[in-house]
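The structure appears right after this line, and notes come after that.
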Amino acid sequence: MSESGKKVSLAVLFGGKSSEHEVSLMSAASVLENLDREKYDIYMVGITKEGRWLLYTGELALLPSGQWEKGPVEPAFLSPDPSLHGLVVLGEKPRTIHLDCVFPALHGKNGEDGTLQGLLALSGIPYVGCNTEASAICMDKAVTHTLLSAANIEQAHYLWFYADRFDCAPETIKNKICARLDFPVFVKPANAGSSVGVSKVESPEGLDEAIRKATKEDGKIMVEEGIKGQEVECAVLGNRQDALASMVGEIGASAQFYDYDDKYVNGTSQLYIPARIPEEAAKQIQETAVRAYRLLGCSGLARVDFFVTEGDNRVVLNELNTLPGFTSISMYPKLWMAMGLRYGELLDRLIALAFRQAGC
11 MSESGKKVSL AVLFGGKSSE HEVSLMSAAS VLENLDREKY DIYMVGITKE
61 GRWLLYTGEL ALLPSGQWEK GPVEPAFLSP DPSLHGLVVL GEKPRTIHLD
111 CVFPALHGKN GEDGTLQGLL ALSGIPYVGC NTEASAICMD KAVTHTLLSA
161 ANIEQAHYLW FYADRFDCAP ETIKNKICAR LDFPVFVKPA NAGSSVGVSK
211 VESPEGLDEA IRKATKEDGK IMVEEGIKGQ EVECAVLGNR QDALASMVGE
261 IGASAQFYDY DDKYVNGTSQ LYIPARIPEE AAKQIQETAV RAYRLLGCSG
311 LARVDFFVTE GDNRVVLNEL NTLPGFTSIS MYPKLWMAMG LRYGELLDRL
361 IALAFRQAGC
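Position in the sequence shown (from 1) plus 10 gives the number in the numbering used here.
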């Protein structure tokens, strides 16, 4: 509830024109289940895979399966006009809905990469999460790696290239990979999330197939040297000046690596909270997570992923996720809940940070 005693008019966005559409539906369902109806007037706004925006007024239980699209729905969209400050609803009774805040429960392209954040910035509506610039930077693994390397934050050895360059000179690209990196390597689309399009490649013979797979998701490709060690994650909460790191959690992946199915479909990976790592490594992870968060201009939230190397316990930063999963098996909310912050309280905190970031 706002300081005036009125409920906050809040839109939760979900779906999206993205390879992570289904993940977003699961995240949004969890968020909506845990928002306090005494504090918020909630509007559910879904975006189909084709990019249609729809105001949904049906049962929450229909979200995860995608059945929500069958209705009841009305065409609706966020207006970029700040004087409107909300939704334009079309249909039998065209109208506008004033919004105090937007919670984007979106992942991947067109939701996490700065495109949506740019629209929200034009609209003048406070929103949960990083701004346009930080979202775009963190989504692009090549840009993120380059900036963090300049700050001497340790990462896996890597190189990146454009897909059209590979089309023109595949042998040149593969020779560079073999010369600079030790196998196994991970081939990734530079702009995608949740391990979509990612392949573990054990030898040069597997590069062609892995690169072609990655190019289906993005026109820029990252290749990273494999790190032998534990996969760990740290949740960061707060705006740049007051960012806080959670305890560190560990993922015992059930596949060769922590892939899309592990994260969202089968849930067979074992999560360890706190992580089974030395206290010194955990402290370094927390400090590095906040440092990277601030360096890249993040606000609201991000999940920062690391490796702790086998044998010598070196801390190696993997990536930052500015709109991490919020499903029932997602690490971000689990880490804060392990520290005593209930799911609903976490959502309240994120919405309050959105207002503070907007200067409200």
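Where a beta carbon is used, it is the ideal one built from N, C-alpha and C, also for glycine.
For clarity, every value in this text was computed on a predicted model and none was experimentally measured.
With the cut-off set at 7 Å, would you say V318 and V206 are in Cβ contact? no
What span of residues does the alpha helix (DSSP H) with K344 cover, start to end? 341-348
Please go through the same chain and pick out, in chain order, the residues whose beta-carbon is closer than 6 Å to the beta-carbon of S37, but skip the five residues on each side of it. A115, G335, F336, T337
Chain-order list of residues whose beta-carbon lies under 6 Å from that of G26 (same chain, five-residue window excluded): S34, I57, L116, N120, G121
DSSP state of N185, grouped into three classes? helix
Quick check on the burial criterion: 16 or more other C-beta atoms within 10 angstroms. Buried or exposed for L100? exposed
Let me know if S29 comes out buried or exposed under the rule of 16 or more other beta-carbons within 10 Å of its beta-carbon. buried
Exposed or buried, D150, counting other C-beta atoms within 10 Å across all chains shown (16 or more means buried)? buried
Does the segment 180-198 come close enough to the segment 226-236 to have 3 or more Cβ pairs within less than 8 Å? yes
Can you tell me whether S279 is buried or exposed? The criterion is at least 16 other CB atoms within 10 Å of its CB, across all chains shown. buried
Determine, using beta carbons only, whether S145 and G124 come nearer to each other than 7 Å. yes
For D228, which residues in the same chain have their Cβ closer than 7 Å to its Cβ, ignoring the five residues on either side in sequence? P199, A200, N201, A202
Quick check on L73: does DSSP put it in helix, strand or coil? coil
Looking at the structure shown, is K151 part of a helix, part of a strand, or coil, going by DSSP? helix
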